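Each residue of the sequence shown is one higher than the last, beginning at 1148 in our numbering. Glycine included, C-beta positions come from ideal geometry on N, C-alpha and C. Since this is a predicted model, take the numbers as computed values, not measurements. A short write-up of the structure that comes next.
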Amino acid sequence: MNKKKGPWFLLFWFSLFMVIFMFMNSARNKSAVSDWDYSYFKQMVKTGNVSNVVVEPDSITGEYKDEKGQVQKFKTLPMDDPNLVRDMEAANIQTFKGAAKSWWMTLLVSWGPVLLLIIFWIWMMRGMMGGGKQAMNFGKSKAKKSDGQLKVTFQDVAGCAEPKEELGEIISFLKDPQKFKQLGGKIPKGVLLCGSPGTGKTLLAKAVAGEAGVPFFSASGSEFVEMFVGVGASRVRDLFDQGRKNAPCLLFIDEIDAVGRHRFAGIGGGHDEREQTLNQMLVEMDGFDTHEGVILIAATNRPDVLDPALLRPGRFDRQIVVPNPTLKDRVEILQVHAKNIKMDESVNLETIAKRTPGFVGADLANVVNEAALLAARYGQTSANMKNFEDAIDRVLAGPARKSLVCSPDELKKIAYHESGHTIVAKILPHSDPVHKVSIIPRGSALGLTWQLPAEDKYLHTKQEAIARLAILFGGRAAEEVVFNEISTGASNDISQATKLATSMVTTFGMSEKIGPIALDKGSSEEIFLGRDIAKGAHVSEKMSELIDTEIKRFLDEALAQAMDIVRKHKDTLDIMVSYLLKKETLDAQEIDLIMEGKPLLGV
Ligand code: ADP
Ligand code: ZN
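Next up, the structure:
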């Protein structure tokens, strides 16, 4: 609200100034004007000592000469005195009939404050009602239009192969919407880019506009959430209006989660303003036809909190994940940014990429920039490897990045841990296929092994449950076999395994010794929440002991099985770890090759 000051804003200050000025003026006049009784006035008229008398219905004012002969002002209240005119004429006093003081001045003085309030009120209302087209830009979107043609192309975006491929279709549409229309192609209205901050979502959107050669309008979701109800909605409307006027073009909304949060989320009811803004966005999205040539791209790092309405067909119906960069991507990103600085032969970008797992594009751009700054500080003509290493430390020291510091030793442990999960999962017949294994830190987890069920399954057999337990212990087993010690990295696995084993015994009746009794009294969730099942009314002490031993037996057996598998396949484990350390992420195909003892190409 303090950013743009339109003509209305000026008018507001001008009228405020005017009113204050007039008040001061009238106050000053008052002090210099002598207040006379009517009789005194008549007396003075008779002496002929007054001049310039102005007679108005409610006052008589004029000038007189005081004892020192200086001209002063006076005023008095008029009386019903028919003789006054005659007396003044007799004394040869010049008189004027009222109206010298214009009526509107009086009006403005007495009604000024009220008027001011009304102006201010209108000013606010305009913003709220979204009269975006009026001369006021309170309710206008702050959407920034790129100046001229965007120079950003896909070449400036390193890595991101999949997002680029998916966005290709949109580029060809924006290049020639008419042709697309004739072909009857169906294009998504909105594309949602999901990914961690700094992974290049904005950059990708700009590159789409740049490649297609269309204008790029960007706004941030947080700009739509304003203090005043309705302002955000009006800004949304304005953004879409701009889009329509400039079609074909690309509208980009960063941080859409700021507006698009689930409407009923949050304690204490919704946020009215945000809700209105979101509704307006939905209305606008439904209201425009893609063939107009306007494409909306939004970015978020929290797709999970978005209102489902935003993701429905005809809205953001295409979601593209912008992943954290892999080792190869990181090398490419560094190359893109290193083009802009001078560096000597000592710099090895691959080594830098290896040292920075978990860094996203923005971090890497930062590393290159810091290295150049350091070089400049020491008066070098080009940046060297030492500068880059110091730059990494500086970026690492930045906020919230500390957790990502992984020494080579730690990385090796993580690699063994994750490979352990993977190998156990691959060896056991009743496990879900492994989709991916990675040692790139993600959130609080240091590494990840993705398992996707082959089909949607809700029923699990006992064998599957047992396999799952062994897989969960695979990480710990690998650490124990290789390093003969256990790290804290396995704690989440253990708690998951314990929950599963507990349900197996108390809910699913998978223990032969106990048999099919539901012992958990209600939902198994409660056990997960830490309720003590032994307190259930019909569980005897003996039974609760038996439950404990059975749970422990399942867990012990699973760990032993996992250890067994890891020991038998230690060679494969070592090979997988060496590949993981090189590539950081292995996909299903690569895992299969490793399991078959075949080498990976291109590593
Ligand atoms: P996001 O919108 O995902 O938060 P940005 O697109 O704003 O991230 O990225 C910030 C900066 O990081 C970019 O301006 C660019 O310099 C750099 N960057 C991020 N990803 C890449 C990439 N894939 N290739 C090259 N530079 C990148
Ligand atoms: Zn694990």
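Simplified DSSP state of residue i, which is helix, strand or coil
i, result
"I1266", "helix"
"G1621", "helix"
"V1304", "coil"
"S1658", "coil"
"V1299", "coil"
"V1202", "strand"
"V1372", "coil"
"V1571", "helix"
"L1676", "Any reading at L1676 must be qualified, since the residue scores a pLDDT of 38, below 50, and its modelled position is unreliable; the value itself is stated next. Three-state result, L1676: coil."
"L1158", "helix"
"I1698", "helix"
"T1473", "coil"
"S1578", "coil"
"I1317", "helix"
"P1310", "helix"
"T1608", "coil"
"T1719", "helix"
"N1495", "coil"
"P1324", "helix"
"S1691", "helix"
"N1639", "helix"
"I1334", "coil"
"S1381", "helix"
"F1164", "helix"
"K1745", "coil"
"T1645", "helix"
"D1703", "helix"
"E1431", "helix"
CB contact flag (residue i, residue j, <8 Å)
i, j, result
"K1220", "I1207", "no"
"F1399", "I1467", "no"
"K1336", "M1271", "no"
"G1407", "L1453", "yes"
"V1514", "A1624", "no"
"V1478", "D1303", "no"
"H1564", "G1662", "no"
"G1508", "P1472", "yes"
"G1259", "M1191", "no"
"V1361", "I1317", "no"
"H1449", "L1339", "Contrary to the premise, residue 1449 reads as Arg rather than His in this sequence. No."
"K1660", "L1693", "yes"
"G1434", "D1401", "no"
"A1394", "G1461", "no"
"M1428", "I1570", "no"
"L1575", "L1702", "no"
"E1210", "V1197", "yes"
"P1455", "E1731", "no"
"F1267", "F1159", "yes"
"A1530", "S1578", "no"
"T1424", "F1371", "yes"
"H1568", "I1633", "no"
"L1314", "S1566", "no"
"G1749", "D1476", "no"
"A1612", "M1651", "yes"
"D1640", "G1656", "no"
"A1446", "K1533", "no"
"I1587", "A1562", "no"
"I1488", "I1539", "no"
"T1253", "V1200", "no"
Residues sharing a beta bridge with residue i, DSSP
i, result
"A1446", "L1340"
"Q1466", "L1339"
"R1408", "L1453"
"D1734", "K1583"
"M1138", "Because the chain spans 1148 through 1750 in this model, residue 1138 falls outside it and cannot be assessed."
"M1490", "A1530"
"V1441", "C1396"
Whole-Å CB distance - residue i paired with residue j, under 8 Å assumed
i, j, result
"K1573", "V1584", "No, K1573 and V1584 are not in contact; Cβ-Cβ is about 10 Å, not under 8 Å."
"D1537", "L1521", "6 Å"
"K1326", "A1359", "Going by Cβ atoms, the distance from K1326 to A1359 rounds to 13 Å, so no, they are not a contact pair."
"L1558", "L1728", "6 Å"
Task: In chain order, each beta strand (DSSP E) run of at least 3 residues that lies wholly inside the stretch 1174-1200 - done: The qualifying runs are 1180-1182.
Task: Every unbroken alpha helix (DSSP H) inside the stretch 1208-1266 [4 residues or more] - done: 1230-1237
- [ ] Scan the stretch 1502-1568 and note each continuous alpha helix (DSSP H) run of 4 residues or more that stays entirely inside, going in chain order.
- [x] 1508-1524, 1532-1544
Open item on the list: Beta-carbon distances below 5 Å to any heavy atom of the ligand NAD define the shell here; list its residues in chain order, please.
Closed with: Inclusion of the ligand NAD in the displayed structure is not the case, the ligand content consisting of the ligand ADP and the ligand ZN alone.
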